[in-house]
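A.B. asks:
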Amino acid sequence: MITIKPFRAWRPDEKLVSEVADLPYDVVTNEEVKERLKKHPYSFLKVDKPEAWCEERNKEDIADAADCALQELMDKHILIQEECESLYIYGLESQWGKQYGIVGCFSCQEYVEGKIKKHEKTRADKEADRIRHVASCMAHTGPIFLTCKEEEALQGWIKAYCKTHQVLYKFEDEYGIRQVAYNISDKKDIEVLKGLFANLEALYVADGHHRLQAASTYAISRRKEEEQSGRNGNQAQEEYAYFLGVVFPKSELSILDYNRILKDESGLNKEELIKRLEVNFKITKIDEAYFKPETPHVFGMGYKKCWYALSIRDEVLAHYKKDVVGALDTSLLQKLVLEPIFHIQDPRIDKRIAFVGGIKGLDVLNTLTEEEWDIAFTLYPTSIEELLAVADANELMPPKSTWFEPKLRSGLFVHCF
């Protein structure tokens with residue numbers, strides 16, 4: 172059983188929505204944010220990534236700058252508050268297809284209990300930054316990207332609602348992605364949706380693990396503070412006990428490849444490297460500009476201006492097949508290549524490895540390996556079924572296993588408490 176809660180969202184004025192809504196903070200650099208703010212001064216990145224423009228270096232001051240930016244959007248009526256508690260439909264239409272989901276607030280306690288399942292390990296430093304952001308803004312400023320298995324009833328309800336109701340937002344962003352939103356304020360409609368969510372066994376985090384962990388940690392901390400001060404309110408009714416999320420049916424999601432680039436400190440020459448790889452892989456030289464795997468368990472390797480296809484040997488793959496995490500291509504690359512040959516033990520923190528989302532294409536890998544980096548590895552995309560299986564097993568994927576497209580826009584809905 173999953174709880175969904177309507178809320179009085181702060182959201183952009185309809186005339187300004189395309190100026191406010193912007194990419195998530197974690198897919199743009201500080202320099203990119205500065206350039207975007209020059210063209211779009213109301214961009215929500217000013218709230219979500221204050222470190223890009225705030226001259227203060229103290230982390231608490233940076234978090235306070237985010238709050239000031241949010242208040243400015245409210246004071247200038249760039250953001251307006253919904254008159255009544257509502258849920259929303261949020262849709263994205265792109266080259267990858269259409270995905271329409273429900274925006275609402277979800278229980279931090281249900282996340283703690285494991286009803287909302289994760290698949291990724293978070294980093295303490297990133298979590299701490301988002302906790303400061305939440306505490307200063309007193310708001311959740313970007314939705315957690317969620318999905319569910321039981322999708323037919325939800326899909327049918329969304330399609331029927333969109334056919335009979337007026338659109339709230341409809342615009343095309345600079346990447347050609349059509350952004351659509353509908354307001355759901357009728358109490359009968361909200362009760363129907365509550366019933367649909369009550370029938371779900373679980374939700375799954377697709378993206379936004381650090382923000383969700385920060386929201387949960389903040390909720391627990393604040394509850395303890397209120398209990399110690401004698402303010403024993405009903406936790407179930409407290410807005411801070413709920414996080415902002417959007418649930419999309421799993422079959423509508425698109426996961427792209429998430430590739431790797433390395434700095435080679437192995438000390439091996441080309442012949443020695445190939446020989447080491449041949450222990451676990453069948454290797455084929457490719458006479459193309461790059462190699463994009465078309466099936467799982469095959470990697471591309473760009474090395475010294477040549478590309479190779481690395482197919483895992485059957486007898487090697489059989490050893491990992493029964494392990495829900497070990498059989499992932501990201502795990503296999505780590506276990507068979509990155510760790511034993513390049514001595515990369517923890518790719519989360521090792522500076523010799525970086526990650527390149529498939530949205531950037533594969534030509535960029537050649538450029539990178541001709542300049543700062545030495546070797547590129549291309550991977551077949553992780554499937555949504557693999558993600559769900561890992562989460563159901565209460566296991567965690569290796570870092571950077573999934574790259575979802577299109578990216579959800581921040582600033583369309585803000586949950587203040």
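Sequential numbering of the sequence shown, starting at 172, is according to our numbering. In this text, a Cβ means the ideal position worked out from N, Cα and C, and glycines have one as well.
In three-state terms, what does DSSP make of residue 493?
C.D. replies: To locate residue 493, count along the sequence shown from 1; it is residue 322. Residue 493: coil per DSSP, three-state reduction.
A.B. asks: I need the DSSP call for residue 471, collapsed to helix, strand or coil.
C.D. replies: The residue you call residue 471 lines up with position 300 of the sequence shown. Correct three-state label for residue 471: strand.
A.B. asks: Just to check my reading of the structure: residue 432 and residue 544 have Cβ atoms closer than 8 Å, yes? What is that Cβ distance to the nearest angstrom?
C.D. replies: Here residue 432 refers to the residue found at position 261 of the sequence shown. Here residue 544 refers to the residue found at position 373 of the sequence shown. That pair is a contact at about 4 Å.
A.B. asks: Please return the same chain residues whose Cβ sits closer than 7 Å to the Cβ of residue 303, not counting the five positions on each side in sequence.
C.D. replies: Taking the sequence shown and counting its residues from 1, one reaches residue 303 at position 132. Closer than 7 Å at Cβ, skipping near neighbours: 230, 231 and 234.
A.B. asks: Out of 220, 219 and 236, point me to the one whose CA is closest to residue 227's CA.
C.D. replies: One-based indexing of the sequence shown puts residue 227 at position 56. It is 236.
A.B. asks: In this structure, what does DSSP give as the bridge partners for residue 568?
C.D. replies: Taking the sequence shown and counting its residues from 1, the one referred to as residue 568 is at position 397. Paired residues: 291.
A.B. asks: Quick check on residue 251: does DSSP put it in helix, strand or coil?
C.D. replies: On the sequence shown, position 80 is the one that residue 251 refers to. In this structure, residue 251 counts as strand in the three-state DSSP scheme.
A.B. asks: Does the Cβ of residue 392 have 16 or more other Cβ atoms within 10 Å, making it buried, or fewer, making it exposed?
C.D. replies: Numbered from 1 along the sequence shown, position 221 holds the residue referred to as residue 392. The residue in question, residue 392, is exposed, as its Cβ has fewer than 16 Cβ neighbours within 10 Å.
A.B. asks: With C-beta atoms as the reference, is residue 381 less than 8 Å away from residue 301?
C.D. replies: Numbered from 1 along the sequence shown, position 210 holds the residue referred to as residue 381. Numbered from 1 along the sequence shown, position 130 holds the residue referred to as residue 301. The answer is yes: Cβ separation under 8 Å.
A.B. asks: Under 8 Å between the Cβ atoms of residue 605 and residue 363?
C.D. replies: The requested residue 605 is not part of the displayed model; the chain covers only 172 to 588.
A.B. asks: Would you mind sorting residue 200 into buried or exposed? The rule is 16 or more other CB atoms within 10 Å of its CB.
C.D. replies: Locating residue 200 in the sequence shown gives position 29, counting from the first residue. Residue 200 is exposed by the Cβ-count criterion.
A.B. asks: My guess is that residue 495 and residue 564 are in contact by the Cβ rule of under 8 Å, so how many angstroms apart are they, rounded?
C.D. replies: Counted from its first residue, the sequence shown places residue 495 at position 324. Counted from its first residue, the sequence shown places residue 564 at position 393. Right, the Cβ-Cβ distance comes to about 5 Å (below 8 Å), so this counts as a contact.
A.B. asks: Under three-state DSSP, which class holds residue 595?
C.D. replies: Residue 595 cannot be examined here, being either before or after the span of the chain that is shown, 172 to 588.
A.B. asks: With burial defined as no fewer than 16 other Cβ atoms inside 10 Å of the residue's Cβ, what is the status of residue 305: buried or exposed?
C.D. replies: Along the sequence shown, read from residue 1 onward, the residue named residue 305 stands at position 134. With 16 or more Cβ atoms within 10 Å of its Cβ, residue 305 is classed as buried.
A.B. asks: With distances taken Cα to Cα, identify the nearest neighbour of residue 340 among 188, 347, 568 and 309.
C.D. replies: Taking the first residue of the sequence shown as position 1, residue 340 is located at position 169. Measuring from the Cα of residue 340, the nearest candidate turns out to be 188.
A.B. asks: Please classify residue 354: does DSSP put it in a helix, a strand, or coil?
C.D. replies: Translated into positions along the sequence shown, residue 354 becomes position 183. Of the three classes helix, strand and coil, the one that applies to residue 354 here is strand, per DSSP.
A.B. asks: Give the C-beta separation of residue 573 and residue 550 to the nearest angstrom, bearing in mind that I take them to be a contact with Cβ-Cβ under 8 Å.
C.D. replies: The residue you call residue 573 lines up with position 402 of the sequence shown. The residue you call residue 550 lines up with position 379 of the sequence shown. 11 Å between Cβ atoms; not a contact.
A.B. asks: Applying the 10 Å Cβ sphere with the 16-neighbour rule, what's the burial state of residue 451?
C.D. replies: For the purposes of this step, residue 451 is taken as residue 280 along the sequence shown, with counting starting at 1. The residue in question, residue 451, is buried, as its Cβ has 16 or more Cβ neighbours within 10 Å.
A.B. asks: Take residue 411 and list the residues in its own chain whose beta-carbon comes closer than 6 Å to its own, dropping the five residues that flank it on each side.
C.D. replies: Along the sequence shown, one-based indexing puts residue 411 at 240. 390, 393 and 588, listed in sequence order.
A.B. asks: Taking the alpha helix (DSSP H) that residue 391 belongs to, which residues open and close that run?
C.D. replies: As a working mapping, residue 391 is identified with position 220 in the sequence shown. Where residue 391 is concerned, the enclosing alpha helix (DSSP H) stretches over 380-399.
A.B. asks: Look at residue 184 and residue 249 and say whether their C-beta atoms are less than 8 Å apart.
C.D. replies: Working through the sequence shown from its first residue, we reach residue 184 at position 13. Working through the sequence shown from its first residue, we reach residue 249 at position 78. Yes. Within cutoff.
A.B. asks: Grouping DSSP H, G and I as helix and E and B as strand, with all else coil, what is residue 551?
C.D. replies: Translated into the one-based positions of the sequence shown, residue 551 becomes position 380. Residue 551 falls in the coil class under three-state DSSP.
A.B. asks: Once the 5 residues before and after residue 541 are set aside, which same chain residues still bring their CB inside 8 Å of it?
C.D. replies: Position 370 of the sequence shown, counting from 1, holds the residue named residue 541. Same-chain partners within the cutoff: 476.
A.B. asks: Since residue 276 is in the alpha helix (DSSP H), which residue starts that stretch and which ends it?
C.D. replies: Here residue 276 refers to the residue found at position 105 of the sequence shown. Per DSSP, residue 276 belongs to no alpha helix (DSSP H); it is in the beta strand (DSSP E), 268-278.
A.B. asks: Am I right that residue 575 and residue 316 are in contact with their C-beta atoms under 8 Å? What's the rounded C-beta distance?
C.D. replies: On the sequence shown, residue 575 is found 404 positions in, with the first residue counted as 1. On the sequence shown, residue 316 is found 145 positions in, with the first residue counted as 1. Correct: roughly 7 Å between the Cβ atoms.
A.B. asks: Given residue 265, which residues of its chain have a CB within under 6 Å of its CB, disregarding the five upstream and five downstream residues?
C.D. replies: Position 94 of the sequence shown, counting from 1, holds the residue named residue 265. Correct list, in chain order: 348 and 577.
A.B. asks: Could you spell out where the beta strand (DSSP E) holding residue 417 opens and where it closes?
C.D. replies: Reading the sequence shown from its first residue, position 246 is the one you call residue 417. Element bounds for residue 417: 413-420.
A.B. asks: DSSP three-state label for residue 504, please.
C.D. replies: Sequence index remark: in the sequence shown, residue 504 carries index 333 (1-based). DSSP places residue 504 in helix when its eight states are reduced to three.
A.B. asks: What are the partner residues of residue 349, as DSSP defines its beta bridges?
C.D. replies: Here residue 349 refers to the residue found at position 178 of the sequence shown. Note: residue 349 sits in a beta bridge opposite 264 and 343.
A.B. asks: Compute the distance between the beta-carbons of residue 529 and residue 424, then report whether it is under 8 Å.
C.D. replies: Walking along the sequence shown from the start, residue 529 turns up at place 358. Walking along the sequence shown from the start, residue 424 turns up at place 253. No, they are not a contact pair.
A.B. asks: How about residue 462 and residue 182: do their beta carbons lie closer than 8 Å?
C.D. replies: Reading the sequence shown from its first residue, position 291 is the one you call residue 462. Reading the sequence shown from its first residue, position 11 is the one you call residue 182. Contact flag unset, no.
A.B. asks: Taking only the alpha-carbon atoms, compute the straight-line gap between residue 586 and residue 440 and give it to the nearest angstrom.
C.D. replies: Position 415 of the sequence shown, counted from the start, is the residue given in the question as residue 586. Position 269 of the sequence shown, counted from the start, is the residue given in the question as residue 440. So the two alpha carbons sit approximately 55 Å from each other.
A.B. asks: Would residue 257 and residue 387 qualify as a contact pair, given that the criterion is a beta-carbon distance under 8 Å?
C.D. replies: Counted from its first residue, the sequence shown places residue 257 at position 86. Counted from its first residue, the sequence shown places residue 387 at position 216. Taking 8 Å as the Cβ cut-off, residue 257 and residue 387 do not qualify as a contacting pair.
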